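A short write-up of the structure that comes next.
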Amino acid sequence: MIAIIGAGPGGLTLARILHVHGIDSVVFERDASGDARSQGSMLDLHTDTGQAALRAAGLEREFLAAARGEGQDLRMLDHTGTMLLQEDTPDDAPMLRPEIDRADLRNILLSSLPAHTVRWGSAFTSAEAHEGGHLLHFADGSTATCDLLVGADGANSRVRPLLTDIEPTYSGKVVVQSSIRDADRTRPELAEMVGRGNYWAFGPDRMLGAQRNGNGVVQVSVSIYGPSDLDPAAATDLPDEWAPQFRRLLAACDEPFVVRPAYLLPIGMTWPRRSGVTLLGDAAHLMPSHGEGANQAMRDAAELAQAIAAHPGDLDAALEAYEPAMFECTAKVAESSAEVAKMMSGPDAAQKVLAFFS
354 MIAIIGAGPG GLTLARILHV HGIDSVVFER DASGDARSQG SMLDLHTDTG QAALRAAGLE
414 REFLAAARGE GQDLRMLDHT GTMLLQEDTP DDAPMLRPEI DRADLRNILL SSLPAHTVRW
474 GSAFTSAEAH EGGHLLHFAD GSTATCDLLV GADGANSRVR PLLTDIEPTY SGKVVVQSSI
534 RDADRTRPEL AEMVGRGNYW AFGPDRMLGA QRNGNGVVQV SVSIYGPSDL DPAAATDLPD
594 EWAPQFRRLL AACDEPFVVR PAYLLPIGMT WPRRSGVTLL GDAAHLMPSH GEGANQAMRD
654 AAELAQAIAA HPGDLDAALE AYEPAMFECT AKVAESSAEV AKMMSGPDAA QKVLAFFS
């Protein structure tokens, strides 16, 4: 049995592509159900990674029906309110990086799987070698055995310690987040200001972002360097030189701001191959979140599923095919993401990002 820990985009994509190849798997997920909690903001799925994985999963049509091409729109300003760049997506533009609500993507993947595939309310705690495979332990005291254990359980992976002692370290940056519900009705002037896609404002020491979701919600965030337990007000109380429109956007948020510290794994992290265990996505290569996390997780899932299908009955050979290629690819992506993160920080961030898009 192939056990997948985590029902995020990577874990569900792996289960789906294995199913396409006639290979059974079980996904163990700590959430009580598919709608137990909010799935967060939009994802932009790239044509050569996330979308390629969905094509391998036979779900391109369903994705395109739910995706928002207009979510590729971008408005970029400096902290004084000066518009630096406005990109509006034509109706006939190619769907290179369309946005999709995380909940919609999860539902597409879940509905494509046999009902018994995901075991909800199964919080993985540990595993040990057992009869050529692994014995899995869960928080409720239950156990399961598997031939292959795949950690698709994100930044705080419980599977990762089976392969390496390396742990994520704090990057020094926090993202403070909230949202405006039903923005078109409750704050139409702010909804119009944000537009249909992404809205970025760069200041000397922080970046404000807003993003239109498909359900009428506008997600609002401030990224700033500081301690991991930063008081949200330290980010949202903007300096006097910031234009009033940005204060109005922050004041309109419906929920208390949540602080999300950004953690990273070392670029190029690898581990010695271990029979019957591997990782994908953030569990394997946690990197700055600049649109690559879900895409790389789904790419990993497609590559791993195809390696398993190409080596029937030989999971060690499948891992030998999957892991070195994944290490090489994601190291390059992590380096690029780190450069983008550096570019989007500091007093000259607006000019650097504008030059990048020009």
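FYI, this note's numbering numbers position 247 of the sequence shown as 600, with every residue one higher than the one before it.
Here a beta-carbon is modelled for each residue, glycine too, at the ideal position from N, C-alpha and C.
What you are looking at is a predicted structure, and each value in this text was computed from that prediction instead of being measured.
Excluding five sequence neighbours on each side, which residues of the same chain lie with their C-beta closer than 7 Å to the C-beta of residue i?
i	result
His483	Thr498
Leu672	Arg626, Thr631
Ala476	Arg383, Phe491, Ala492
Leu437	Met429, Leu430, Asp431, Ala703, Leu707
Leu583	Val527, Val612
Asn648	Leu398, His399, Thr402, Gly403
Looking only at its own chain, which residues have a Cβ that is under 6 Å from the Cβ of residue i, when we skip the five neighbours before and after it?
i	result
Gly474	Ala385
Met448	Gly422
Arg549	Glu423, Asp426, Arg565
His490	Thr478, Ser479, Thr496
Tyr552	Arg428, Ala563
Ile355	Ser378, Leu501
Ser510	Gly504, Ala636
For residue i, which of the options has the nearest alpha-carbon?
i	options	result
Phe680	Leu462, Leu632, Ser690, Val693	Leu632
Leu463	Asp441, Asp426, Ala410, Arg511	Ala410
Asp558	Gly485, Gln649, Gln598, Gly699	Gly699
Ser495	Ala480, Ala605, Asp667, Leu365	Ala480
Gly569	Val547, Pro665, Ala703	Val547
Arg455	Leu365, Glu594, Met395, Ala678	Met395
Leu561	Asp582, Thr366, Ala596	Ala596
Tyr523	Ala687, Asp388, Ser628, Ala615	Ala615
Leu591	Thr433, Ala356, Ser378, Gly507	Thr433
Leu603	Ala684, Cys682, Thr683, Ser532	Ser532
Tell me, which residues are paired with residue i by DSSP?
i	result
Ile533	Val571
Ala551	Sequence check: residue 551 is Asn here, not Ala. Beta-bridge pairing links Asn551 to Leu427, Gln564.
Thr498	Leu488
Arg559	Ile577
Ser378	Ile355
Lys526	Tyr578
Met395	Asp454
Gly504	Ile358, Leu632
Arg421	Glu452
Please report the straight-line C-alpha distance between residue i and residue j, rounded to a whole angstrom.
i	j	result
Asp501	Trp624	Sequence inspection shows Leu at residue 501; the Asp mentioned does not correspond to that position. Answer to the nearest angstrom: the Cα atoms are 16 Å apart.
Glu413	Leu407	6 Å
Ser576	Thr435	19 Å
Thr442	Pro514	44 Å
Ala662	Leu371	7 Å
Ile461	His374	18 Å
Phe555	Leu430	6 Å
Asp669	Gly504	16 Å
Ala712	Asp535	Because the chain in this structure spans residues 354 to 711, residue 712 falls outside the shown range and cannot be described.
Pro641	Gln598	28 Å
Leu639	His487	25 Å
Gly634	Phe709	27 Å
His664	Val571	45 Å
Thr589	Arg450	29 Å
Ile357	Phe381	6 Å
Ala360	Val573	25 Å
Tyr578	Glu645	21 Å
Val512	Ala637	10 Å
Met622	Glu520	10 Å
Asp445	Thr400	16 Å
Within a Cβ cutoff of 8 Å, which residues of the same chain sit near residue i, ignoring the five residues on either side of it in sequence?
i	result
Phe416	Leu398, Gln404, Leu407, Ile453, Leu458, Ile461
Pro585	Val529, Pro609, Phe610, Val611, Val612
Glu656	Tyr675, Ala678, Met679
With respect to 7 Å, is the separation between the Cβ of residue i and the closest non-hydrogen atom of the ligand ZN below this value?
i	result
Gln564	In terms of ligand content, the structure shown is empty, and the ligand ZN therefore cannot be addressed.
Report the residue ranges of all beta strand (DSSP E) runs contained in full by the stretch 436-488; include only those spanning at least 3 residues, in chain order.
436-440, 452-454, 477-483
Which runs of the alpha helix (DSSP H) fall wholly inside the stretch 607-691 and span at least 4 residues, in chain order?
635-638, 646-663
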